[in-house]
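Taking the working numbering, the leading residue of the sequence shown gets 23, the next gets one more, and so forth.
Every residue gets a Cβ at the ideal spot worked out from N, C-alpha and C, and that includes glycine.
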Amino acid sequence: MPVLNVDLMGLLVEVLIWEPEYIGDVGHTAVRLNNIIYGYYPTDIDGDGAYTKVDLDNSPGSLHTDSLAEFHSNYYDNTIEVIRLETDNTKEAKLNLYFKELNNKPGVYSLFSSQCTTRARDGLLKSGYPAGSFSIAPYELYQYYSTRYYNSILNNYFYNISGVESMITKKAQNIW
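This is the structure:
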């Protein structure tokens, strides 16, 4: 029985993009490096469980890491667009180093200059992946990849983690 989308060499880089879900939401961008998902977030300064204007404007940044099991548990019902990038050992090593450095010095989160999409984009660029020069919306990163590189370097997967399958949707368990 064939196994789908298994990376036998351990080389895997994917960009994960959540579209906005409601008015005022901006979406989210994360990067999967092999079996770890990295996402950059603001700090909930007042501890109310929500990201407010103060948190989004100028709070300490925080790099969150999830294993695949944690990711599936946390985001089971989310629809996420996944872009798989061609990679090699050198690019992966540089991207891994970028996330280690970002974890040690996460900087200040700002929705308009230093957020999940810019951190993902910066890490990809510093590691030798093409990633554009925009700075705000996660969906801009998706548009950059889908319009410029889809036919040459990307395998583009759309799926709903809950497993709802359609012509352009693949079940998460078949991808990961």
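I need the DSSP call for residue i, collapsed to helix, strand or coil.
i, result
"S135", "coil"
"T101", "strand"
"E36", "strand"
"N173", "With a pLDDT of 37 at N173, under the threshold of 50, the modelled position of that residue is not reliable, and no figure is offered here."
Using a Cβ-Cβ cutoff of less than 8 angstroms, which residues in the same chain neighbour residue i once the five nearest sequence positions on both sides are dropped?
i, result
"G150", "T112, K113, K116"
"N118", "L55"
"Y44", "none"
Give every residue of the same chain whose Cβ lies closer than 7 angstroms to the Cβ of residue i, excluding the five residues on either side of it in the sequence, and list them in chain order.
i, result
"R141", "Y62, L124"
"N57", "S89, L90"
"Y60", "A52, V53, L85, T87, F121"
"D77", "P64, T65, D66, I67"
"K148", "K116, Y120"
"D79", "S132, L133"
For a quick check, are the C-beta atoms of residue i and residue j less than 8 angstroms apart?
i, j, result
"G145", "S136", "no"
"H131", "G83", "Sequence check: residue 131 is Tyr here, not His. Cβ distance < 8 angstroms, so Y131 and G83 count as in contact."
Please identify the residue among the options whose C-alpha is closest to the C-alpha of residue i.
i, options, result
"V37", "L133, G69, T109", "T109"
"L34", "N126, L107, E43", "L107"
"F134", "G69, D70, H94, S81", "S81"
"I105", "H94, A153, K75, E43", "A153"
"T74", "F93, E92, D47, S95", "D47"
Measuring only from the beta carbon, is residue i closer than 7 angstroms to any heavy atom that is part of the ligand GTP?
i, result
"L33", "This structure lacks the ligand GTP, and indeed carries no ligand of any kind."
field: Residue ranges of each alpha helix (DSSP H) within the segment 44-98, 4 or longer
entry: Counting whole runs of 4 or more residues, the segment 44-98 contains the alpha helix (DSSP H) stretches 75-80, 90-97.
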